[in-house]
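Before any comments, here is the structure.
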Amino acid sequence: EAGVAQSPRYKIIEKRQSVAFWCNPISGHATLYWYQQILGQGPKLLIQFQNNGVVDDSQLPKDRFSAERLKGVDSTLKIQPAKLEDSAVYLCASSLGVGRQPTYEQYFGPGTRLTVT
Amino acid sequence: GNSVTQMEGPVTLSEEAFLTINCTYTATGYPSLFWYVQYPGEGLQLLLKATKADDKGSNKGFEATYRKETTSFHLEKGSVQVSDSAVYFCASDGSSNTGKLIFGQGTTLQVKP
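Here the protein sequences line up with chains U and G, keeping their order. The first sequence begins at -7 in the numbering used here and counts up by one. The second sequence begins at 13 in the numbering used here and counts up by one.
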């Protein structure tokens, strides 16, 4: 079974530029998550989709970050304009669904490392 | 609010030593608890989980017991190997029904031969 795919793996941009990340979840997974992992910290949820609807975007800086999941499969995360503090690894994860009994395992992609100079 | 706190690293051990990585959580209700591992150059992988009090999660020789009375989920392994060198993250779902995970800051483990 193919895992969660992300691209690009690395990106270097200057502040105030725009950048986009792409994620392809595991086939059949209804739920997709984007996390931001700043160096030395644990991942922090930015946005969660259930199919193509947003479940939680409470920690997404909406003045500069946007995300979409067209047709309930692939997703893109965009930053425009980027700031120095956006330097981080952006992780995409997917799961079959959501719920607590049973809990659904989240499968993570390799991440995109963004450096803003 | 919901949070997860892990012991700071890095933790450096010799091969075959005993490992403990402390994790405590705060949450309303009774969250599910997880340990994820990130090997060098790889993505996060679920190592083990526990969904209710007194549950013990185990995998690959690692264990963690959900202790409600101490709000803890410490990770243990009796004999570590060089291949266990990685970053370990404790996480909670904060009793949420959405699957949202709240992570600790991660603990780097380095095992020397």
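In this text, a Cβ means the ideal position worked out from N, Cα and C, and glycines have one as well.
Can you grab the Cα-Cα spacing for the pair residue i / residue j, in whole Å?
i	j	result
residue 97 of chain G	residue 107 of chain G	30 Å
residue 85 of chain U	residue 124 of chain G	32 Å
residue 39 of chain G	residue 92 of chain G	31 Å
residue 22 of chain U	residue 8 of chain U	33 Å
residue 82 of chain U	residue 32 of chain U	14 Å
residue 58 of chain G	residue 100 of chain G	10 Å
residue 53 of chain G	residue 102 of chain U	8 Å
residue 140 of chain U	residue 55 of chain U	Because residue 140 of chain U is not part of the residues shown, which for chain U are -7 to 109, the question remains open.
residue 26 of chain U	residue 80 of chain U	12 Å
residue 77 of chain U	residue 47 of chain G	27 Å
residue 67 of chain U	residue 15 of chain U	5 Å
residue 88 of chain U	residue 113 of chain G	15 Å
residue 73 of chain G	residue 44 of chain G	21 Å
residue 19 of chain G	residue 96 of chain U	27 Å
With DSSP run on the structure shown, which of helix, strand or coil describes residue i?
i	result
residue 44 of chain G	coil
residue 95 of chain G	helix
residue 78 of chain U	helix
residue 64 of chain U	helix
residue 6 of chain U	coil
residue 45 of chain U	strand
residue 85 of chain G	coil
residue 39 of chain G	coil
residue 100 of chain G	strand
residue 51 of chain G	coil
residue 78 of chain G	coil
residue -3 of chain U	strand
residue 108 of chain G	coil
Counting contacts by CB-CB distance shorter than 8 Å, is residue i in contact with chain C?
i	result
residue 35 of chain U	Although the question refers to chain C, the structure presented lacks it and instead comprises the protein chains U and G.
Quick one: measure Cβ to Cβ for residue i and residue j, integer angstroms, because I've assumed they're closer than 8 Å.
i	j	result
residue 4 of chain U	residue 104 of chain U	In fact, because the Cβ distance is near 11 Å, the residues do not count as touching under 8 Å.
Use the C-beta contact count for residue i: other C-beta atoms within 10 angstroms, 16 or more gives buried, fewer gives exposed.
i	result
residue 49 of chain G	buried
residue 82 of chain G	exposed
residue 98 of chain U	buried
Could you run through the segment 37 to 52 of chain U and flag, in chain order, every residue whose CB is less than 7 Å away from some CB of chain G? 37, 40, 47 and 48
Return the residues of the segment 56 to 69 of chain U that lie within a Cβ-Cβ distance of less than 7 Å from chain G, sorted by chain order. none
Below 8 Å between beta carbons is the criterion; list the residues of the segment -3 to 21 of chain U that meet it against any residue of chain G, in chain order. none
Output, in sequence order along the chain, the residues in the segment 92 to 114 of chain G whose CB is closer than 9 Å to any CB in chain U. 101, 102, 103, 105, 107, 108, 109, 110, 111, 112, 113 and 114
Return the residues of the segment 44 to 63 of chain G that lie within a Cβ-Cβ distance of less than 9 Å from chain U, sorted by chain order. 44, 46, 48, 50, 53, 54, 55, 56, 57, 58, 61 and 63
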